[in-house]
Ligand code: A2P
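Residue numbers (the working numbering): 27 to 357.
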């Protein structure tokens with residue numbers, strides 16, 4: 027098997043550290059490994075596969091050396107500047123920021139859903155938004171079978187999605203301290219405000235879910251709306267998803283389709299209090315689906331409760347799966 031040179035950019039961050047963990051677990055064939063971050067953490071060491079690696083400052087010259095794949099999770103402005111530099115040097119960037127996701131020249135990939143889209147990359151592949159990724163894993167097999175007409179997302183998103191600073195705001199808030207990252211206390215609270223507000227009254231997080239769903243499912247006309255909410259949970263996003271299908275269906279068929287879907291675990295036994303929970307999903311790579319029931323207010327509708335670890339499947343694991351697809355294609 028051909029080994030690759032791989033870099034992690036933003037290696038000291040919440041997602042960056044999880045990149046290292048997932049890369050270790052999946053044992054990718056790596057020849058040379060590089061960890062990069064800002065000047066603030068240059069010189070620190072990070073352990074990978076039992077070996078210490080010194081964090082390099084990310085600069086315009088970081089990609090002068092041969093690097094096949096770089097996993098980026100260092101914010102949009104870092105990706106905007108450095109992903110094209112890496113790509114110009116022949117490196118393929120898997121970018122976790124929102125910077126390139128809606129660029130028509132950049133594929134947006136969930137490996138269980140649209141792996142074929144890696145074939146038209148020109149050096150940058152985008153990792154979707156965490157809330158979108160887990161929804162796509164559940165929605166794709168249903169769209170294939172019953173045709174999705176309309177989706178209503180309502181999310182309950184963990185503070186880890188706002189990085190180290192978001193996590194700390196909940197920790198400190200539980201001790202009565204004022205928030206530094208969020209505009210209001212997150213402890214004992216729900217904030218219907220993730221990312222910035224746009225002119226249409228939606229937050230950017232909500233519009234990301236809408237735009238990215240259409241791009242990943244290759245359906246520009248799909249009707250999608252969203253309300254995204256930050257809740258006082260450390261890790262794992264939960265989502266209520268209401269779906270209207272084009273075609274009539276049997277509920278048992280929906281359950282069966284989800285049970286057979288790659289990356290999905292159905293946890294749905296309400297009589298025994300079994301349904302997906304954030305604390306159960308944390309640390310796992312699957313998307314958990316439950317509370318599967320008919321929406322009795324419309325002709326062909328269902329409701330789902332979908333939970334996944336937003337740092338793993340919602341970010342690091344998805345990016346590492348994309349790297350795996352790239353490595354497979356290089357063999
Ligand atoms: P650093 O630790 O040096 O600040 P999180 O979202 O969890 O806070 O992580 C953000 C990650 O992105 C960190 O690894 C951080 O590095 C990195 N980062 C932020 N700004 C830059 C930058 N300008 N260049 C390189 N890495 C950056």
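In this text, a Cβ means the ideal position worked out from N, Cα and C, and glycines have one as well.
Beta-carbon spacing of residue 105, residue 121 below 9 Å: yes
Where the beta strand (DSSP E) containing residue 264 begins and where it ends: 263 to 271
Residue 231 CB to nearest heavy atom of the ligand A2P below 8 Å: no
9 Å Cβ cutoff met for residue 183 and residue 81: no
Assumed close pair residue 102, residue 124 - CB separation to whole angstroms, cut-off 8 Å: 6 Å
Helix, strand or coil at residue 350 according to DSSP, with G and I counted as helix: helix
Residue 185 Cβ short of 8 Å to the ligand A2P heavy atom set: no
Segment contact, 8 Å Cβ cut-off, at least three pairs: the region 167 to 182 with the region 270 to 290: These segments touch.
Residue 146 classed as buried or exposed, judged by whether at least 16 other C-beta atoms fall within 10 angstroms: Counting of Cβ neighbours within 10 angstroms places residue 146 among the exposed residues, the total staying below 16.
Contact test: residue 190 Cβ vs the ligand A2P heavy atom, cutoff 8 Å: yes
Among 179, 317, 290 and 223, nearest to residue 300 - alpha-carbon criterion: For residue 300, the closest of 179, 317, 290 and 223 by C-alpha to C-alpha distance is 317.
Distance between beta carbons of residue 267 and residue 330, contact taken as under 8 Å: The beta-carbon separation of residue 330 and residue 267, rounded to 5 Å, stays under the 8 Å limit for a contact.
Segments of 3+ residues assigned as beta strand (DSSP E) that fall wholly inside the region 38 to 108: 56 to 63, 71 to 74, 77 to 80 and 95 to 98
Top-ranked residue by Cα proximity to residue 265, from 159, 78, 90 and 139: 159
heavy atom of the ligand A2P below 8 Å from residue 41 C-beta: Yes, the beta carbon of residue 41 sits closer than 8 Å to at least one heavy atom of the ligand A2P.
Start-end ranges of the beta strand (DSSP E) lying completely within the region 156 to 191, minimum 3 residues: Whole beta strand (DSSP E) segments, 3+ residues: 174 to 183.
Residue 80 Cβ short of 8 Å to the ligand A2P heavy atom set: no
Beta-carbon spacing of residue 93, residue 352 below 9 Å: no
Nonlocal neighbours in the same chain, by C-beta distance under 6 Å from residue 307, ignoring five residues either side: Counting only Cβ-Cβ distances below 6 Å, and skipping sequence neighbours, we find 262, 314, 333, 334 and 335.
Cβ-based burial, residue 223 [other Cβ within 10 Å; buried from 16]: exposed
Supposed contact pair residue 153 and residue 344 - C-beta distance, whole angstroms, cut 8 Å: 5 Å
CB-CB length for residue 357 against residue 28, believed under 8 Å: About 6 Å separates the CB atoms of residue 357 and residue 28; that is less than 8 Å, so the two are in contact.
Residues bridged to residue 229 [DSSP beta-bridge criterion]: 223
Residue from 71, 213 and 202 with nearest C-alpha to residue 192: 213
Close-in-space but distant-in-sequence residues of the same chain around residue 292 (CB under 6 Å, 5 per side omitted): Excluding positions up to five away in sequence, the list reads 284, 285 and 315.
Residue 36 beta carbon near the ligand A2P (any heavy atom closer than 8 Å): yes
Supposed contact pair residue 206 and residue 195 - C-beta distance, whole angstroms, cut 8 Å: 6 Å
Per-residue DSSP class, three states only, for residue 199: helix
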